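Peer 1: Right, I'll just put the structure down here and ask away after.
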Amino acid sequence: MSQYQIAVIVGSLRKDSLNKKLANAIVKLAPSEFSFQQLQIDDLPLYNQDDDEQQAAAVKRLKNEVTAAQGLLFVTPEYNRSIPGVLKNALDHASRPYGQNAWAGKPAGVIGASIGAIGTAMAQQHLRNILAYLDVPTLGQPEAFIHVREGLFDSAGNIGTESKEFLQTWMDQYVAWVKKHVN
Ligand SMILES: Cc1cc2nc3c(=O)[nH]c(=O)nc-3n(C[C@H](O)[C@H](O)[C@H](O)COP(=O)(O)O)c2cc1C
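Residue numbers (this note's numbering): 2 to 184.
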């Protein structure tokens with residue numbers, strides 16, 4: 002078993018999501034002591050505080066998976082200059098009931114890709130705001146606002162040559178960040 006298990010949360014449910022593709026490609030840049038599991042969030046009910054004392058099975062699963070992970074990796078699109086509702090829904094679910102926030106203390110990386118010029122910058126800032134409140138130490142630098150253009154991925158779905166160096170640096174920093182908080 003890998004020494005560091007990372008829970009990956011992708012903010013898009015779309016089958017052909019660019020962010021899913023980005024998540025699948027960047028995890029290949031990590032060392033073998035790291036393993037990554039994408040968490041399912043599309044079967045979570047809409048968050049309702051009335052259900053806090055009897056959380057749905059899908060919510061309990063999410064919380065258990067987050068608790069078991071040594072680190073978090075958020076890969077998100079930007080929807081209307083913020084994060085998608087499905088991602089906020091997942092964040093809210095695993096933060097409750099009050100006092101049982103599963104995210105707390107887990108080192109995290111934030112990255113996202115968009116066809117828009119600012120490459121999810123505003124969504125990432127909104128996400129960082131939420132993560133700060135949830136007591137999640139989040140890698141500050143380098144920031145990675147990925148503007149999707151021809152060549153970002155190669156034909157095998159790996160990161161293309163032009164972006165490889167930057168994203169390798171990003172992953173190296175992320176790996177160091179997780180190790181710093183776990184060890
Ligand atoms: C509801 C909605 C809102 C969007 N708002 C933004 C936005 O604020 N900024 C942006 O750069 N792209 C925006 N987009 C375009 C997305 O970047 C694009 O659809 C992207 O492919 C979504 O990520 P995905 O491929 O991982 O699903 C929006 C798309 C949708 C469906």
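Glycine included, every Cβ here is placed at the ideal spot set by N, Cα and C. The model shown is predicted, which means the values in this text are computed figures rather than measured ones.
1) Taking 8 Å as the cut-off, decide whether the C-beta atoms of Ala114 and Leu47 are in contact.
2) Ligand 1 and Glu206: does the residue's C-beta get closer than 7 Å to at least one heavy atom of that ligand?
3) How close, in whole Å, do the beta carbons of Gly72 and Tyr5 come, if the pair is a contact with beta carbons under 8 Å?
4) Do the CB positions of Met172 and Ala31 come within less than 8 Å of each other?
5) So is Val137 buried or exposed if we call it buried at 16+ other beta carbons inside 10 Å?
6) Should Asn81 be listed as close to ligand 1, given that the test is whether its C-beta is under 7 Å from any heavy atom?
7) Is Asn25 near ligand 1 - that is, is its Cβ less than 7 Å away from at least one heavy atom of it?
Peer 2: Reading it off the structure:
1) Within the sequence shown, the letter at position 113 stands for residue 114. Within the sequence shown, the letter at position 46 stands for residue 47. Contact flag unset, no.
2) Outside the shown range of the chain (2 to 184) lies residue 206, about which nothing can therefore be said.
3) Start at 1 with the first residue of the sequence shown, and residue 72 comes out as number 71. Start at 1 with the first residue of the sequence shown, and residue 5 comes out as number 4. That pair is a contact at about 6 Å.
4) Counted from its first residue, the sequence shown places residue 172 at position 171. Counted from its first residue, the sequence shown places residue 31 at position 30. Yes, the Cβ-Cβ distance between Met172 and Ala31 is below 8 Å.
5) The count along the sequence shown starts at 1 and reaches residue 137 at position 136. Looking at its Cβ environment, which holds 16 or more other Cβ atoms inside 10 Å, Val137 is buried.
6) Taking the first residue of the sequence shown as 1, we reach residue 81 at position 80. Asn81: yes, Cβ under 7 Å from ligand 1.
7) As a working mapping, residue 25 is identified with position 24 in the sequence shown. No; taking the cut-off as 7 Å, the Cβ of Asn25 has no heavy atom of ligand 1 nearer than that.
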